[in-house]
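For the sequence shown, position 422 (counting from the first letter as 1) is numbered 451 according to the working numbering, and the numbering increases by one without interruption.
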Amino acid sequence: MSDPATRIRRMFEEPAGPRLAVALAACDLSQMEGGASVDALVAAGRLASWATAVLLETMAVVADRSLDDFAGDEVAFSLHLTRRGAETQVALARDLRDRLPAVLTALHEGRIDLVRAKVFSDVLTPAADHIAHALVNKLLPLAEAWTAGQLRARLLKELLAADPDAAATRYRRSVKERRMYLGANDDTTANLSAIFLPPQRAATAYERVDAIARGLKNNGDERTLDQLRADVFCDLLSGVAIPGAPIDRQGVIELLVPLATLTGQAQTPGHLNGYGPVVADIARQVATAQATQGIQDAEQALAAAREDRDRAADLAATATVAGARLAVQVGSQWRFRVHDTDGRLLYTGLTAARPRTPATAHRPALGARKPIMPCHTLPEAPGVLRLGPLPANPPPQCDPTARHPSAPMRRWIAARDGTCRAPGCTHPARTCDIDHTTDHHDGGPTTHDNLGLLCRHHHRLKHETDHRLEQTEPGRFRWTTPHGKTHEVTAEGDE
């Protein structure tokens, strides 16, 4: 005979539907231990998804029995919704039923929730049916383990790559609608925003405000960072001087661009940290604007800044378009990284100087001492780049007993992890702490396999609660909650 905990767990494993509802109704949640209560939480979430799917299916049936102009009225009257709200929900119900039935099935089975179902519908609205179906088939199994934000970013990236011309057209059309908005809240406060902006301009403006706010905070200002950002935003627009603001603070944006996109060989979208995917044309424009000269030559773009003592390893790697990325330079250099198809970092470094155009590539570089890493397209496999031989590029060495990692080690960890290594968190590297997986005061070494990125919130979660963090292999993490539930976080780019 199984123990009570096992019986409860099996009850909660019932398929989403009436039997699961009965199982939940029969339990006294207040008497459950921690692990069982988490099982009940997951089961209740699946049940809510099932009920939502039934509601949407019923909405669609009711709406179908009315004239098109009045399809939402019966729903609005019956559920006490506004007409516009009812029409929005009916449109979602019909879209899932008629165009994205696999998404509706996943909602009915409790594998995704309403928020993720809406993400599929919203993002894929402009897509041709065959593209929408292909992306649903590809990403729906993965969406079960993703947050809505992660799903939206990946769907957008795949949609931009699937039909880049249409994506560019939609982008240009939307940018023409850019405008500023001022609105009032019920508590008499106000909202001020601008919409439909070019993403690079919005991101740069935000980072400029954030940099000034952080500088003020570091100088002892007692306002919260959110308050400082809002006040700096208004002061800059109003032309008001900001006492104590560091005048040299500039906004820095982080753009990841597949090498083949950067060199014009592909239309794979880039990724703007803190924003999301951007169409290939915009990624190239941002990259060009950040450099004094454009980037055309792949070999020049991958020129690696290497220490003289480094030796070239007898290693060749084939990287997909998604596997070779350049990050937009900060100052006068470009940071770059090469990773395999599983997201594992193979190579990273800094270029010695900004890449040059073909017109200037023949000129000898003054004082050049850095070897070039060859990069060639493969005629038999368009969109695939042959890299190699790769110079030896092991993780940087630093004193394993040191309290803080060296600057090269910090760059390596930032390139490897990309974002906070907590489940679902997308805080970019520049806003994260470098954490010792096994705490330094417990003997944890300052080495690449014991360091990882954590945003301040998740850094505190690790140290101030009973959550446990392990690094199962370099760059791959396992979180264990106080109730014993485990969550894996893999290398950036894993599916």
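Backbone N, C-alpha and C define an ideal beta-carbon position, used for all residues, glycine too.
Just to confirm, is the Cβ distance from residue i to residue j under 8 Å?
i      : j      : result
Pro306 : Lys186 : yes
Ala191 : Val165 : no
Cys427 : Cys449 : no
Ala223 : Leu211 : no
Ile141 : Ser78  : yes
Gln500 : Asp468 : no
Ser435 : Pro424 : no
Glu493 : Arg507 : no
Leu76  : Ala50  : yes
Leu498 : Thr519 : no
Arg126 : Asp158 : no
Val119 : Ala100 : yes
Val104 : Val91  : yes
Give the secondary structure of residue i by DSSP, where H, G and I count as helix, E and B as strand, and everything else as coil.
i      : result
Trp508 : strand
Gln118 : helix
Leu226 : coil
Gln500 : strand
Asn302 : coil
Met209 : strand
Pro429 : coil
Pro272 : coil
Val152 : helix
Asn220 : strand
Thr290 : helix
Thr377 : strand
Leu164 : helix
Ile241 : helix
Glu493 : helix
Leu110 : coil
Val518 : strand
Leu284 : strand
Asp462 : strand
Pro452 : coil
Val144 : helix
Pro457 : strand
Val315 : helix
Val308 : coil
Gly178 : helix
Excluding sequence positions up to five away, which residues of its chain have a Cβ less than 6 Å from the Cβ of residue i?
i      : result
Asn302 : Glu283 and Pro457
Gln296 : Pro193 and Ala309
Gln16  : Here the chain comprises residues numbered 30 to 524, so residue 16 is not present and cannot be evaluated.
Pro474 : Pro429
Arg48  : none
Ala172 : Ile141, Arg145 and Leu180
Gly488 : This sequence places His at residue 488; Gly is not what is there. For His488, where only same-chain residues beyond five positions count, the Cβ hits under 6 Å are Asp462 and Asp464.
Ala238 : Correcting the residue identity first, residue 238 is Val in this sequence and not Ala. Answer for Val238: Arg258, Val261 and Phe262, listed in chain order.
Leu153 : Ala161
Met438 : Pro425 and Cys427
Terminal residues of the continuous alpha helix (DSSP H) containing residue i?
i      : result
Thr81  : Gly63 to Asp93
Asp264 : Leu254 to Ser267
His137 : Pro130 to His137
Ile442 : Ala436 to Asp446
Val204 : Pro193 to Val204
Glu48  : Note on identity: in this sequence residue 48 is Arg, with Glu being the wrong assignment. Residues Pro47 to Ala54.
Suppose the cutoff is 7 Å on Cβ atoms and the five residues either side in sequence are ignored; what does the same chain contact list for residue i look like?
i      : result
Val204 : Phe225 and Pro227
Ala182 : Gly305 and Pro306
Asp124 : Ser150
Ala135 : Ile141 and Leu169
Leu189 : Ala196, Pro298, Pro306 and Val308
Val269 : none
Ala52  : Met40, Phe41 and Glu43
Ala312 : Leu284, Val286, Thr290, Pro298 and Gly299
Check for me: the beta strand (DSSP E) holding residue i runs from which residue to which?
i      : result
Gly481 : Leu480 to Leu483
Thr475 : Segment: none, Thr475 is in no beta strand (DSSP E) and carries neither H nor E.
Within the same chain, show all residues whose beta-carbon is closer than 8 Å to that of residue i, passing over the 5 residues directly before and after it, in chain order.
i      : result
Arg505 : Glu517, Val518, Thr519 and Ala520
Pro511 : Gly63, Thr494, Asp495 and His496
Ser66  : Leu58 and His512
Ala163 : Ala191
Gly249 : none
Gly453 : Trp175, Thr176, Gly178 and Gln179
- Message: Counting beta carbon pairs with one atom in the stretch 137 to 150 and one in the stretch 102 to 112, are three or more of them shorter than 8 Å?
- Response: no
- Item | Meets three-Cβ-pair contact criterion under 8 Å: the stretch 432 to 448 and the stretch 458 to 465 | yes
- Message: When you compare the stretch 70 to 87 with the stretch 42 to 60, are there three or more beta-carbon pairs, one atom per stretch, that lie closer than 8 Å?
- Response: yes
- Message: Three or more C-beta pairs under 8 Å: does that hold for the stretch 468 to 482 against the stretch 434 to 445?
- Response: yes
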